[in-house]
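Undergrad:
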Amino acid sequence: MITIGLTGGIGSGKSTVAAMLVGRGAVLVDADLLAREAVEPGTEGYRRVVERFGPGVLLGDGAIDRARLAEVVFADPGALADLNGIVHPEVGRLMLERVAERSASDDVVVLDVPLLVEAGGRERYGMAGVLVVDTPVDVAVERLVSVRGMAPEDAERRVAAQASREDRIAQADFVIVNVGTLDELAEMVSRAWDWMQALRAAGS
10 MITIGLTGGI GSGKSTVAAM LVGRGAVLVD ADLLAREAVE PGTEGYRRVV
60 ERFGPGVLLG DGAIDRARLA EVVFADPGAL ADLNGIVHPE VGRLMLERVA
110 ERSASDDVVV LDVPLLVEAG GRERYGMAGV LVVDTPVDVA VERLVSVRGM
160 APEDAERRVA AQASREDRIA QADFVIVNVG TLDELAEMVS RAWDWMQALR
210 AAGS
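Have a look at this one:
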């Protein structure tokens, strides 16, 4: 088994790249899904989120209203730091569990971690390499507005809250610049997959 980190800013197309890698045989561990799991009702993460942010971030069924919580934290850096302090340690624990489950396999395990650069994940998860999906800020904002329906100022705030393009690229072993068509993206993903296969062969 080898582990590859996958990261990219919001609106970069990272999720599309992740799906294409799965289609080529990768095993995906998605930090966003683990973040949902970490704050499901009944968990310690859920209790701490409600304690910190109050019942106003809950849906009628008691689950956390992720859209409302996002509105709160992306407008307040202190609140964002508090939420990250609750969720990130639990996501890290769950991610290590998922990697350990594959340790005896010969899989390429792709860890989809949006905040990989901010969290220093390369060392923690023993990554053989880091793949960064890059896109200019204006393109990312346009995608968030047109595809996800965000207000422009909200999209800009979300992008600004993350690591800079330069910081992400500085951590990269392989970069996909996603500014073209899906066919062009698929070709770049195929090259990235070949790179991963070479890493796996070198480590076996």
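Residue numbers for the sequence shown follow this note's numbering, so the first one is 10 and each next one is one higher.
All residues carry an ideal CB built from backbone N, CA and C; glycine is no exception.
For clarity, every value in this text was computed on a predicted model and none was experimentally measured.
(1) Give a yes or no on whether the C-beta atoms belonging to V36 and V117 are separated by under 8 Å.
(2) Using DSSP bridges, identify the partner residues of D143.
(3) Just list the residues that DSSP pairs L67 with in beta bridges.
(4) Can the beta-carbon of S24 be found less than 8 Å from the beta-carbon of N187?
(5) Would you call L43 buried or exposed, if buried means 16 or more other Cβ atoms sit within 10 Å of its Cβ?
(6) Return the first residue and the last residue of the alpha helix (DSSP H) that V48 is part of.
(7) Please name the residue in A172, R57, P50 whose C-alpha comes closest to that of L68.
(8) Would you call the CB atoms of V81 and I73 closer than 8 Å?
(9) Consult DSSP for D163 and reduce its assignment to one of helix, strand or coil.
(10) What did DSSP end up calling V122 once you bin it into helix, strand or coil?
(11) Between the alpha carbons of A172 and A90, how many angstroms are there, rounded?
(12) Going by DSSP, what residue range makes up the alpha helix (DSSP H) through I11?
(13) For D116, name the three-state secondary structure that DSSP assigns.
(14) Between the alpha carbons of L30 and T52, how many angstroms are there, rounded?
(15) My output table needs one value for V38: the three-state DSSP class, helix, strand or coil.
(16) For P98, count neighbouring C-beta atoms within 10 Å of its own C-beta (all shown protein chains included) and say buried if the count is 16 or more, exposed if not.
(17) Measuring straight from C-alpha to C-alpha, what distance separates M159 and L191?
(18) Mind checking who G138 pairs with in its DSSP beta bridge?
TA: Taking the geometry as given:
(1) yes
(2) V186
(3) I73
(4) no
(5) buried
(6) V48 -> no alpha helix (DSSP H), and no H or E assigned at all.
(7) P50
(8) no
(9) helix
(10) coil
(11) 14 Å
(12) I11 -> not in any alpha helix (DSSP H); beta strand (DSSP E) instead, spanning 11–17.
(13) coil
(14) 31 Å
(15) strand
(16) exposed
(17) 22 Å
(18) I13
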